[in-house]
Structure formats: C-alpha cells, structure tokens
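Colleague:
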Amino acid sequence: MGIKRSEICYDKVEGLDFEGTFFIKPEYFQDDDFVGFVFGYVSNRKFYFASWKRDEQTYWESTPFQAYATSGVLLKLVNSQTGPGTMLRNSLWNDASIQGQTKLLWQDRARKGWEFNTAYRWKLLHRPEIGLIRFRLFRGSVLEADSGNLFDYTIKGGRMGVYCFSQALITWSNLVYRCNAMSIHVSKNLLVQTPPFILNRQTRSRRRSDMFVYLSVLLLLISADFTATQDLRRYGDLRDWYLDSAFVPNREAKPVRTKPAERGDFLTADCDGYYGTIYAELVLVRNLLSKCTGCSRNLTYLVPGEDECYPGLCHEGVGCDLRDDGENEQAYCQQCPIGYDGDGRVCAKRNACREGSCAARVECAAAEEYPYFRCGPCPAGYEGDGRSCGKIDRCIENPCFEGVDCEWMEMDPYYRCGSCPPGYSGDGSECQKIDRCIENPCFEGVDCQWSDQDPYFQCGDCPSGYEGEGRTCRKIDICAKRPCFDGVDCAWKANPPYYQCASCPVGFEGDGITCTKIDVCSRGPCFEGVDCIWTEKDPHYNCGSCPPGFSGDGLKCQKIDRCIENPCFEGVDCQWSEKDPYYQCGDCPSGYEGDGRTCQKIDICVKGPCFDGVVCAWKADSPYYLCASCPLVFEGDGITCTKIDVCAKGPCFAGVDCTWTENDPHYQCGACPPGFSGNGKNCTKLDTCSKDPCFPTVLCQWSAVSPHYQCGPCPSGYTGNGQACTKLNTCEPSPCYPGIQCSWSDSPPNFQCEPCPPGYEGDGVYCSRNPCLQNSCFSGVSCRKMASDPFFACGSCPTGLAGNGMLCGTDLDSDGYPDEGLNCADPKCSKDNCLRQPNSGQEDSDGNGVGDACENDVDSDGITNGVDNCPYVSNEDQSDRDKDNIGDVCDNCVVVSNTEQMDLDKDGVGDACDPDIDGDGFSNHLDNCKLQYNPNQEDYDWDGVGDVCDNCPKIANRDQKDTDTDQIGDVCDTDEDFDEDGLQDNRDNCPKVANVNQCDSDGDGIGDACDDDQDNDGVLNEADNCPLVANVDQTDLNKTIACIHFAFKFSSLSEDGKGDCCENDFDGDAVPDWVDNCPANRNIMASDFRNFTTVALDPKETAQDDPHWEILNDGAEIFQKFNSDPGLAVGRHKLEGVDFEGTFFIAPDPNDVVPDDDFVGFVFGYDHHIKGGQLGVYCFSQAMIKWSNLVYRCNETNPANL
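Using full-length UniProt numbering, the first residue of the sequence shown is number 1, and each one after it goes up by one.
(1) Output needed for V948: all residues of its chain with C-beta closer than 6 Å, excluding positions within five of it in sequence on either side, in chain order.
(2) List the DSSP bridge partners of C725.
(3) Measure the CB-CB distance between G887 and E876 and report whether it falls below 8 Å.
(4) Distance, Cα to Cα, F1159 vs D852?
(5) Could you say which of P421, G426, Q453, C420 lies nearest to R436 if we only look at CA atoms?
(6) I'd like the span of the beta strand (DSSP E) that includes M160, first residue to last.
(7) If A1009 and D1017 are in contact, beta carbons under 8 Å, what's the gap, nearest whole angstrom?
(8) Quick one: what does DSSP say V889 is sitting in, helix, strand or coil?
(9) Using a threshold of 8 Å, state whether the C-beta atoms of F135 and A69 are closer than that.
(10) Buried or exposed for F978, please, with buried defined as at least 16 other CB atoms from any protein chain shown within 10 angstroms of its CB.
(11) Note down the Cα distance separating C557 from P548, rounded to an integer number of angstroms.
(12) What is the DSSP secondary structure of residue 1266, counted as helix, strand or coil?
(13) Which residues in the same chain as A912 place their Cβ atom closer than 6 Å to its Cβ, once the five residues preceding and following it in sequence are excluded?
(14) Can you list, in chain order, the residues of its chain whose CB lies under 8 Å from that of P771, leaving out five sequence neighbours each side?
(15) Can you give me the C-alpha to C-alpha distance between N865 and K1121, rounded to a whole angstrom?
(16) By the three-class DSSP mapping on this structure, what secondary structure does V606 have?
(17) Can you find at least 3 beta carbon pairs, one from the segment 437 to 450 and one from the segment 475 to 485, that sit closer than 8 Å?
(18) On the three-pair Cβ rule with 8 Å, is the segment 966 to 983 touching the segment 1170 to 1181?
(19) With a Cβ-Cβ cutoff of 8 Å, do C563 and C574 count as a contact?
(20) Could you check what DSSP says for S522 in three-state terms: helix, strand or coil?
(21) Would you list, in sequence order, the uninterrupted beta strand (DSSP E) runs of no fewer than 3 residues that lie entirely inside the segment 760 to 794?
(22) Please report the distance separating the alpha-carbon of residue 1222 from that of D412.
(23) Across which residues does DSSP place F1089 in a beta bridge pair?
(24) Extract the residue ranges of the beta strand (DSSP E) inside the UniProt domain "EGF-like" (391 to 432), only unbroken runs of 3 or more that lie entirely within it.
(25) For my contact list, D427 and G418 are in at a C-beta cut-off of 8 Å; report their separation, rounded to the angstrom.
(26) Buried or exposed: which applies to N1081, given that a residue is buried once 16 or more other Cβ atoms fall within 10 Å of its Cβ?
(27) With C-beta atoms as the reference, is C389 less than 8 Å away from E383?
(28) Classify H315 as buried or exposed, calling it buried when 16 or more other Cβ atoms lie within 10 Å of its own Cβ.
(29) Do you know how far the Cα of C599 is from the Cα of F569?
(30) Less than 8 Å separating the beta-carbons of P838 and V858?
(31) Looking at the unbroken beta strand (DSSP E) that takes in N1021, where does it start and where does it end?
(32) Output yes or no for whether 8 Å exceeds the beta carbon distance between I438 and S425.
(33) Please state the DSSP three-state secondary structure of R88.
(34) Name the DSSP bridge partner or partners of L104?
(35) Please check the pair W172 and G20, which I expect to be a contact at CB under 8 Å, by giving their CB distance rounded to whole angstroms.
(36) Would you give the residue range spanned by the beta strand (DSSP E) that D1139 belongs to?
Here it is in structure tokens:
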C-alpha cells in the first residue's frame, strides 16, 4: 500500500548543503526533457527546484497557456496559488515566471543542455536565514554552470528530493546533504511521501513518464543522536517509495506499475548504476549501528558476513531482509521480480504467452517488460495493439457514392463499393449520370432533362402553338374552325390563340374576328355647323355648304376677310363679322368722334374752359384741351388761378412780422426779436456766454431773458447759484470707520476714506476683520474667511508638501503627511510613519510607530507580508481551511473559499457564506434583491425582482435583459435623453437640463438644476439667501442698516448674501463648508471610494485575472496587488465640474524576475454621455499599485486664466 499523508513523519531541514550525481541513459528514441532536484519542499504548492532541459521545445499541451522551454539549467521558486493541475504543469515547463505559480530565480546564459551517458554532479548551498542560494554544476572536474549568490527569503527551509518531467532512465546517485556543517549520508528516518502531484496519467502506449510531471520527494531527515539499531533495516532498500503509474528504473526489467509498489520490489544492492551506492551506504550504516552504541563520527567499515544483506547476495532487483530466528539474524532474499520465477537468489524469466494473450492470427513473443509478452502486428485489414484487433472500418468515412453500399474487405483499401444507382454509371466509388440528352431525343426547342428512370431522359412541354408529348409535336390548327369575320383571311401563329385574322372589309372596322359598319359622320369630319351625309363610297361621307361669312368645300371653311381692304378710320381696329359687309370698325381714336369708318376732332376750346386771359389748346387725350400758365402774381392750373400769399410760407425769422407787396418778392420782414440781431429774415443769437459769466465747470446756456444767459447747478460737493459756488463740508460728521481719516472729494459722495486698518477689509466706511489678510496661511496656500472663530480656513499645502495649510513640510511620497513632524495639533502635522511609500491612512496595526505600508511583517508573526495569508492579524500557523489564501483568523468565510472577501452588509460575514448578504432580514433565497438592502421587499410590477434593483420597476421583466448595458431594461428602455446627461428622460429629474449628479435638495422629485425653489421654502432661488436650506424668515443677523450723510444718501452693507441657517454650511449637510468637498451638494461631503464598482474591460478572456481592489483610509486609498486584465474601480459619486487629485505609487512585484512596465492611471467622467460622471482608477497588466491621498472636490468655476 502507498504511504498515506497522515502516516508521514519528518523533520524540516533549514541550513543545507545538498549534492548528488545524475546520469541519463538513452531510450529506444533519444528524449530531451527535464531532470533536476528539489529543496526547501514545504508542500506541493511551495518549494524550490533546479531543472535542466536538453533541447528547447514548446510544450504540446497548449491549455491553459502555451509553455516554452529553452535548453539549459535554471533555478525556480514554486509558490502556486492553484496547486497541482494544468496551470502548474505548464508553469513548470515554461522558462519565464508565471504570476501566481512560479518565479525564475536564475537561468544559465550558456543555454547548454545535458548529454546522454554523462555523469553530472551538482552542489547546492542554501542558507534560508539570510536567503542565500548558491548552485554549481560539474561534469567531472569541469564547472559547467554557476548561479553565483542568489537571495530569496520566501521559504525558510524544508525537505529535499529529485525531479523529472517527461524524461526516462534517470539515475540520481551519491546523494549527500549536510546541515550545520555535519556530513551525514543517511537520516534517522528514511521515509517517502506519496508523490505530491500527478498532473496526467501515463497512456498505455508509452512506458516513460512523458505525459505527466512526476515529483518524488525523499524524506532524507537528520538526527544527531544515532544510538543502537534504529528501524533502518525496514527502509534500507527504499522499498516504501510509492509510485503511481511511474517508470521504475531497473537495468534489466522496466515494468509499468499498475498498482502501488510493495515492500521489496523496487531497489536492491545489485542495482549497479541506479541505486547501488545508496544501498551500500545503508548496509554500512546498519552494520555500524548494530555493532556500537554512542557512535562517533569516526566509524570503521566492517566487511559484511553471511548474516548480512551484502551486494550480490540476491538476484538483481530482489530485496534482502534480515530475520531473527531467536538466536541469530539471517539474511533472506525476497521473492523474484515480477516476470521472474525462483527463490530470490536465482530467478529466471517467465514466459507469459498464453492462449488468448494476443488476438487471433497475431504472433505472441516473450518480453522483458510487464506483462512479459509482446504481440505482433494485427492481420491485414485489422488495426490495434496486437492484443486486441478490430476491422479497419473505412466505410464510416463514406468512401462510396451516395446511396451505394459499402462492404469491408481484408485487402487495401479495406472496403468495396456496390453498383451505381439507376441512371448512373461508374465503379460505385465514383458514379456519373447517364446523359441521353446529348442525342437530342426531344422535338426541336423542347427542354431535355436527365431522369433516373429508363430511358434516363425526360422531354419538356411542346413549344407554344404546338401540341404533343415533347418528343413529337404538331401545329394547333384553329383556322379550320373559321374564327374570322366573313370574308376575312385566317392565318396560323405560334402564340395563343394560335391564329390571326386579317383586316375588316372596306367600310367596316374591328379586329378581323368582329367587324362593324364605319359611321364616319359621328367623328365630325366636316366644318363646324356643316351637315355630314354617309355614303358607301370612300371616304363614306359628303359635307354640305360653308356657313355665312365663310367660303370653302364644307370639309374646310375660311372666314371672308374684308378688313384687308382697310375700310375703317386710320388707327381704328377692324374685326371680322359674320354679317354683311363681314367686318366691323371699332371706336374712334381719343380726341375724335364718329362711327369708326369716319372720325373728326372734338373741339372743347370753343366753350372757353380756361382762366380769363389764359390760352386754350386742343390735345388728343381727355379732356381734349390744355390751358396755359396763370398770369403774373397768380398761381393755379390755368383753369383756376388765385392771388399768391408769400407771407403764408413764412419767409421771415420766427416771430418777425411779414407784409405782402405787389413787387417781387411780394413780401417785407419786420425787426428781429430781443436777444437777436439781423435783417428780419435772418436773425442770430447774441453770444452772452462767451464772457464765462458762470462758476468754472458750470454749464452756461443762452436765455431769451436779459441778460440773455443762464448758469447750471454747482458741481458735486459745492453749493450756490451757478455763478458763485462754495464747497460743502462732507466730512462733518465723519462718515468713515472709526479711526479712519476723511478727506473732501469732488466725486460723489464728495468724501474719501483712507484704507481699513491692517487685518481688516472694506471700503473705509465699513471695515470687517479678515484674518487672511494677516498672511495666516503657508505661502501659496489659499485662505478663506469664515464667520466663526478662528474666522479663517487654510487650503491644502502645495504639491510635494503636507501639513494643516498654515504649516507645511516636505512630503516626498505625497500621501498628505510631512516627512518631519510640524508644530501643530492637527493630525496632518504628524510625522509620516512611512516616508517612502504613500499611506494616507497612516495604518499601523501593531502600534510600533512604523506604518504598515513599509513594514515587512505588519502583524509581527514572523511571516513577511508578501506571503502572509493574514498580513494584519498574527497567525504563525497560517491555517487556511478553505485554501483561498486568506488565513482562518482573518477570513470572513473560514470554510468557504472567497479570495475577494466581499462583505456587502459589513457584518463581518463574507458574502460567499452569508445567508443574508445585504443584511435586510431576508435570506438570500427569499430576498427579491439579495444584493441591495430592501427590508420592505417592494415589487411594484410583481416580476420577482425588487424595485430597488429592478431595471424596469414599473414593467414586469423577470429576465432583466439589458442589451445596451445602460442599467435600464429593454422593455422600458426608450433611449430618449433630451439633455444628453446619460439619464433617460422618464428617469431624469431634470429631463431638459443636463444634471449628471441628480441633486434634489428638497426631495420633491425635481432636480436642483431645474427647480425654481430648491429648498421648497416658498422663496425663489434668486431671492433666497439659503437656496438649499429651508428658511422662510430669511434671517441674516450680520446684515447692517443703510447710513445717510447730509443731503446725500449712501449705504454700506456687510451682508454676505447667506442666511444664518446656512452661514457656515451652505448645503445643510452638517459638514462645515471649509471641510466639505462639495459645499453645494448635500450628498457628497468627502472623497470616498469604499462603495465602488469593479468594471472588467476584458470580462470574457482568461489571459489574466481581473484586478483585485483593496480599499484603505476610509475610501481615500486604493491598493491593487496583482498583474491583471484591464479594469477600473469606479466610485459611486457622480460629479459635474470637479477637481480630482491623488498620488500613485508602484512597488516592484516580488513574483517578477524582470520588473513590469505596464499601465496605471485614473478615470473621470465615467457615464453614458460625458457631461460629468464618476471618478475612479485604472490599471492594465501592472501589479503592486497604490493610489493614495485621493481627493475630489466639486467645482463649477472656470479657471481665470482659461
């Protein structure tokens, strides 16, 4: 039986010198794979090993990834997350490191492979307490390879053993290890564990271990107190080494195990080049131990006697036992090897050929290997391994023509085809149609097609106009039935109706089948109004006489045109008339009268239509006369004339009298008005302001009243009548802030106050304290005035510095804590507990003053963070019952594997084993939203999905199908988004105004972005001094009253525009504005990524795992440990205008031999339409990333220097 795991008893070796020789013989073909050894073996997931490949090669199993090995020797660390399996198998083959599996420590640059029939000796030095590893390889005395000093601290010691992969006939000999500088050849207990992993089973067709990785670990353990005879004899021949389907090296017999090896059937003293040296050493030690007690290091070799199991006593491959008969010990040989008969000292080969050993007609011969016979090849027409043979069934490949039978036959090609189907000819494998159509058996023009029935063709229908069966066709004769009109000829045609009639007889019309009498007169062939009479002769009608006024033959008639003789008065229109004399004249021309044939002028002047004395002349147009101009001093149209009144047109200066005269210009002007000078027609003002009669700067204007000028008001700050002005004393009493000097000014309000005192701000009339003016903050740090003590707040220190804003010191790792402590009580002034690695949370689990981020062993349990399965909780035993790499003491699901450690409801029980994941009181199998808290279990549409997680809460959709992944189910997805803010209109609280954050301060369902009264206090936003906090009374105690000085009114207000209830907390979220990251959004107070969403950007691929995010410092720090597929960690807050800053730090991955060089970054505007959105971080194929001191602030203000 194989040794069970629970039966293994061993000690671990720490400081170690390990050496040995290996030798490889060629098989019937020369293989080229792996040989080596292991050390520091802790488990089948964790050990060191040296491996040597003869030739470069790609592994033939490409799943789960394509592994490639070059020739040469290398050292690796196995630290597998998965343990035995295909992933570890391919990782062992692959040269390079594989994340989560192996790490390449060293590879010989010579890339030189091993050779057959050559002894190689290795020497290994391992000092785990300082992490030192040194490996050397010799061929004889020639140094083949030297790793130099390597350092790795992962494994603190363990067991040793040998290693092979897909390579047979390997001998490891003269194995020696030393601990604490003491040389010893064998240990107190020599036990062997079941091979730690078998990755694939060996197939029956191959004897070597080329289809699996086989790693056997000899438990060569040390004890410094050898006394008397230990139970060494039971293990002296290594016969408890358990092999499962593994090749057993033996010089003559090379069996394939079908069951675990039993005691005595493995190695003996006669193994020669295999394990003879080890056996001899075991015999020597047993003899020494049986002869002495309290053995020293200087032992003498004793020649074995007959009572000893000396080399050669038993047949090669047979074990030897010492048995005590009560008086003496006697050496006994065990049973002969499998396949041999005898007493153990003499063994002869067994002939295993029996009837039925091989298939019928197959020759059987003896063989050295199990089952000790060999079958010849199968007979012709059969295939198999000789023990069983089956017919070579080529018929399953359908080699014959479709529908043709296939029969097996013994001769190549091992099948026979039947006859071709009817209508085909050929050998049955290939058949062709019998084509009779090439003989044109059908009537001309008839289609011929192949048929599977005799005569193997078929004719189509006869051509149009023919009838028959297709092979013979004849014309269809319809004319015999006289289908045409009497006397009309009939002719045959090919198309239906297969005849054609000629034209109808003269005087008839129709299609030749039916003809009717032609009624030509009905078509109106004669001139309009002329009678038509039918006749039998062509054209079958006669026309009567033309109408009066016309001439012609009745078919055509033309008007009788007398106008060409010009019978009318010149210029008068002549038109045809049907009455004699067949024309008519129009009206006489303008100015004439008559019948059109004769016309005379109309004489109006004889009636005297013009003004007395005015000449009258005839004209052609109405009124047929024209009067000349009116006489002098008169005006009019000549018919009517009136006396001209020139004064009515105002030819004189305004206000000057005008008198009519008979002489041209028929008027005379009087004198100019007072204050003017001129001739009465033209008058100008007297220039009285040219002498500057008014006070300087006072406006002077002309006046009609003596002295003909007027002064304006005195300037600002003066009093008087405009001609004389004196200064006002505006500084009495002083309108300025107490202690501020007042001086007169010529600008309103005609006084000027000096600047406010130091530390105050204002216009001098009103001054208020402003500590920011006293330079309270660090240079370059913004200062904000506050309404309460200390009346100011400093912003963040500049990049590269840290502190409270008043005091700032160097911060090399940009995590928000200074490298040296600052003299202030604010925690931000504390010295950074980890100077070179950002840790904005300053976590210090063991309280030793050194931050967790830069401690190799945070929990002080002696296990470094990189390998500690509970880095923050001490657990020296590293117990991990569910094998999820999370120690039991910190695992939120101790017996259920859950590497992610997700705990939605934060109850300390991981989601993987929590019966109520969201903590709403409903167990997962009953909860209609098991991942969202909903104690009411509301489900409006009764589809089994709760409203809080239903992507269509008003329309039933149990499948929750969402094709475009916009978090709105297909059954209610309209894709209507008017404002393009990423929110569907029927889910947007401001469908016409983009508002990604959906803020709704008063909870009335209308977003702040489109709500006229955001706090619902009845005061509209533009008039509300607290628009986000309800305050009906609008109380604002720091508002002052207007002041009045003298006759001039002016005011100075201290009002800051904020009501008392929002003075220091604008959004009413109970977080003061100076520490609130979003003072106008009550849903966001601080930067927090704890409630984040993982976005896998390569969710269907398996090249790498998805990122694993760890959130620290209350959501202000994110850590991602693994080399991963591209992914995002996106926070839940949606912001519009934003300032986003943070620090990232990348530590080298301890699993990488070559430092990685891939992607790290951040994201913003994460939304369907980028008008704002969520923030987060990004990585792709890069491990050990920390994003620290993450800060985001709402900010809608555009930069001044934009």
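Each residue gets a CB set at the ideal place from its N, CA and C atoms; glycine is no exception.
Modeller: The structure says:
(1) Contacts found: C929, Q932, N934.
(2) Under DSSP, the beta-bridge partners assigned to C725 are G720.
(3) With contacts defined as CB atoms closer than 8 Å, G887 and E876 fail to qualify as a contacting pair.
(4) F1159 and D852 have their alpha carbons spaced roughly 25 Å apart.
(5) The shortest C-alpha separation from R436 is found at Q453.
(6) First-last of the beta strand (DSSP E) with M160: 159 to 165.
(7) Contact annotation, A1009 with D1017: C-beta distance approximately 18 Å; criterion of less than 8 Å not satisfied.
(8) V889: helix per DSSP, three-state reduction.
(9) No, these two residues do not count as a Cβ contact at 8 Å.
(10) Around the C-beta of F978, fewer than 16 other C-beta atoms lie within 10 Å, and the residue is accordingly described as exposed.
(11) Roughly 10 Å separates the two Cα atoms.
(12) Beyond the ends of the chain as shown, which are 1 and 1202, falls residue 1266; an answer cannot be given.
(13) The beta carbon of A912 sits closer than 6 Å to those of C893, V896, N898, all from its chain and outside the five residues before and after it, given in chain order.
(14) So the list reads G759, C783, K785, P790, F791, F792, once near-sequence residues are dropped.
(15) Rounded to whole angstroms, the gap between the alpha carbons of N865 and K1121 is 12 Å.
(16) Helix.
(17) With the cut-off at 8 Å, the segment 437 to 450 and the segment 475 to 485 do not touch.
(18) At 8 Å Cβ cutoff, the stretches touch.
(19) Yes, these two residues count as a Cβ contact at 8 Å.
(20) Here S522 sits in helix by DSSP.
(21) Counting whole runs of 3 or more residues, the segment 760 to 794 contains the beta strand (DSSP E) stretches 760 to 762, 767 to 769, 783 to 785, 792 to 794.
(22) It is not possible to answer for residue 1222, since the shown part of the chain is limited to 1 through 1202.
(23) BP columns for F1089 are empty, so no partner.
(24) Runs found: 424 to 426.
(25) Contact flag wrong, Cβ pair sits at about 10 Å.
(26) A residue is called buried when at least 16 other Cβ atoms come within 10 angstroms of its Cβ; N1081 meets this threshold and is buried.
(27) Yes; because the gap between Cβ atoms is below 8 Å, this pair is in contact.
(28) Its Cβ being crowded by 16 or more others within 10 Å, H315 is buried.
(29) Using only the alpha carbons, I get a separation of about 7 Å.
(30) Against a cut-off of 8 Å, the Cβ pair of V858 and P838 comes out as no contact.
(31) Per DSSP, N1021 lies in no beta strand (DSSP E) segment and is marked neither H nor E.
(32) For I438 and S425, no; Cβs fall outside 8 Å.
(33) Before going further, note that residue 88 is Leu rather than Arg in the sequence given. Helix.
(34) According to the DSSP secondary-structure assignment, L104 is paired through a beta bridge with K76.
(35) 6 Å between Cβ atoms; contact.
(36) From DSSP, the beta strand (DSSP E) with D1139 extends over 1138 to 1146.
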